[in-house]
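**Q** Once you've had a glance at the structure underneath, I'll fire off some questions.
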Amino acid sequence: MAQPQEAYATRNPNNIRTDVLAEARQACYKARDAFYACVEKETDKKPTEIASVGLLYPSDCKASRAEFEKLCRASWVNHFDRQYCKNRRVQRLLDDKESRRV
Amino acid sequence: MPISRFLLSCSRRHSTEALNLLRSGICRFYPIGRPKEMQSVPSKRIQFHNYCKSSKKPNGRLGNDPVMAIETQTTPRSWGTYAIPAGAILGFVGLATFIHYNDERRVTLKGQGTSSSGNIVMGPIIGGPFTLVDTENWVVTEKNLLGNWVLLCFGYTSSPDVGPEQLQIMAKALEKLDSKYNARVLPVFVTIDPQRDTPAQLRAYLKEFDPRILGLTGAVSAVRQMAQEYRVYFKKVEEEGDDYLVESSHMMYLMNPNMELARCFGVEYNADELSEAILKELKRNPIQ
Chain A
1 MAQPQEAYAT RNPNNIRTDV LAEARQACYK ARDAFYACVE KETDKKPTEI ASVGLLYPSD
61 CKASRAEFEK LCRASWVNHF DRQYCKNRRV QRLLDDKESR RV
Chain B
1 MPISRFLLSC SRRHSTEALN LLRSGICRFY PIGRPKEMQS VPSKRIQFHN YCKSSKKPNG
61 RLGNDPVMAI ETQTTPRSWG TYAIPAGAIL GFVGLATFIH YNDERRVTLK GQGTSSSGNI
121 VMGPIIGGPF TLVDTENWVV TEKNLLGNWV LLCFGYTSSP DVGPEQLQIM AKALEKLDSK
181 YNARVLPVFV TIDPQRDTPA QLRAYLKEFD PRILGLTGAV SAVRQMAQEY RVYFKKVEEE
241 GDDYLVESSH MMYLMNPNME LARCFGVEYN ADELSEAILK ELKRNPIQ
């Protein structure tokens, strides 16, 4: 049972995955921020493209999305998308409450 | 006090009746004892006898002088009626005294109250033996860490945001402690993703934060055992072949030089607060 689980480590004992080291991380964060900034900016436009985990974004941001997906790992992309959706939902909740009060 | 005294007086006054009772009853209980002996014994044994045998009275002393004051009734039931409540009251008073004494013993004086706030672990014993491998492929057990204050955290290199942030805070706090207060705390990072985090990977990753951080990895079972001892939750999520995230509890554990848990810190601490809190702990237990 331990065999397949340890397989990765024994397969590449000296292979260092550089895509999680500082540089790669910084690049990924930049791309992510750029993409989300784009989405924020274009909130008036209708979101047509499908990102992951239910996030939709307008087609104007396709380029930054491609950059984002290239520089970050797939699991990270999902993670950030999910976080973004959650924040958006909370923001919307707070904003709605305010408008209702007014 | 007064109750026992006047029971004694009762016994002396009605010693003959008492003797009869004793002869009939106590002979059954104390086959060795003679009635004469019983006469000299104080009211204790009489009390006991009456307490047990008050319901089965062969002698008909009950009806005598009902008009007389209740206290001077010679019937054996009188002993019982006084023994039981007396015993109960004494028992209750004893219990109350014990509880009060216990409370007094545990009291914390005003002003010396909670010097340590909520994060003190008073529950299960956190920590225990482990056998892992460090970034240079040396075997490290908890014995190697004795004698140092240790700040232990669990994470994995492929963490998108929380892991790097936590390590950043840890590195900054330790830097501050070292430069400003000259306090030595050994940072240890244990990976909860040993399948992907090889020693080489850990070394490359941790080097970017602080070269003093000791990275530990090992067999999956060893890591799981250590995580269990430290009550760390971790779980693989979003699995897509080799690419997955590991959900885990983000806690930093401060261990004293005997490898016992002193405090734990959550993610709400930033570098300054962390260094302050660690310093406070170090000052509190100067086991250098």
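Protein chains in written order, with UniProt numbering: chain A, 1 to 102; chain B, 1 to 288. We put the beta carbon where it would ideally sit given N, CA and C, even for glycine. Computed from a prediction, not measured in an experiment: that's the story for all the values here.
#1: For the alpha helix (DSSP H) holding residue 160 of chain B, just list the boundary residues, first then last.
#2: Give me whichever residues DSSP pairs with residue 253 of chain B in a beta bridge.
#3: Taking the straight line between their C-alpha atoms, what separation do you get for residue 55 of chain A and residue 275 of chain B?
#4: Give me the subset of the region 223 to 255 of chain B whose CB atoms are less than 8 Å from a CB atom of chain A, sorted by chain position.
#5: What would DSSP say about residue 245 of chain B, mapped onto helix, strand or coil?
#6: At the level of alpha carbons, what is the spacing between residue 149 of chain B and residue 157 of chain B?
#7: Would you identify the three-state DSSP class for residue 136 of chain B, choosing helix, strand or coil?
#8: Would the region 57 to 74 of chain A and the region 32 to 41 of chain A be scored as touching if the rule is three or more Cβ pairs under 8 Å?
#9: How should residue 73 of chain B be labelled, buried or exposed, when 16 other C-beta atoms within 10 angstroms of its C-beta is the threshold for buried?
#10: With a threshold of 8 Å between beta carbons, is residue 108 of chain B in contact with chain A?
#11: To the nearest angstrom, how far is the alpha carbon of residue 180 of chain B from that of residue 280 of chain B?
#12: Would you kindly work out how many angstroms separate the C-alpha atoms of residue 100 of chain B and residue 125 of chain B, rounded to a whole number?
#13: I believe residue 230 of chain B touches residue 163 of chain B by the beta-carbon criterion, under 8 Å. Please report the beta-carbon distance rounded to the nearest angstrom.
#14: Secondary structure at residue 211 of chain B, three-state DSSP: helix, strand or coil?
#15: Three or more C-beta pairs closer than 8 Å, one from the region 261 to 276 of chain B and one from the region 209 to 229 of chain B: is that the case here?
#16: Just to confirm my understanding: we take residue 237 of chain B, look at its own chain, exclude 5 residues before and 5 after, and list those with CB closer than 6 Å. What are they?
#17: In the DSSP assignment, find the alpha helix (DSSP H) that holds residue 20 of chain A and state where it starts and stops.
#18: Does residue 205 of chain B get closer than 8 Å to chain A when you measure Cβ to Cβ?
#19: The beta strand (DSSP E) that contains residue 239 of chain B, what's its start and end?
#20: Would you decide whether residue 18 of chain A is buried or exposed? Buried here means 16 or more other CB atoms lie within 10 Å of its CB.
#21: Using the Cβ count rule (16 or more neighbours within 10 Å means buried), how would you classify residue 196 of chain B?
#22: Distance, Cα to Cα, residue 219 of chain B vs residue 194 of chain B?
**A** This is what the structure gives:
#1: No alpha helix (DSSP H) contains residue 160 of chain B, which DSSP labels as neither H nor E.
#2: Paired residue(s): B:152, B:264.
#3: Rounded to whole angstroms, residue 55 of chain A to residue 275 of chain B spans 40 Å at the Cα level.
#4: 238, 240, 242, 243, 244, 245
#5: Residue state, collapsed to three classes: strand.
#6: 24 Å
#7: coil
#8: Cβ pair count under 8 Å is three or more, so yes.
#9: With a pLDDT of 49 at residue 73 of chain B, under the threshold of 50, the modelled position of that residue is not reliable, and no figure is offered here.
#10: no
#11: Using only the alpha carbons, I get a separation of about 14 Å.
#12: 30 Å
#13: Contact doesn't hold; Cβ gap of about 17 Å is too wide.
#14: coil
#15: no
#16: The beta carbon of residue 237 of chain B sits closer than 6 Å to those of 245, 247, all from its chain and outside the five residues before and after it, given in chain order.
#17: No alpha helix (DSSP H) contains residue 20 of chain A, which DSSP labels as neither H nor E.
#18: yes
#19: 234 to 240
#20: exposed
#21: buried
#22: 7 Å
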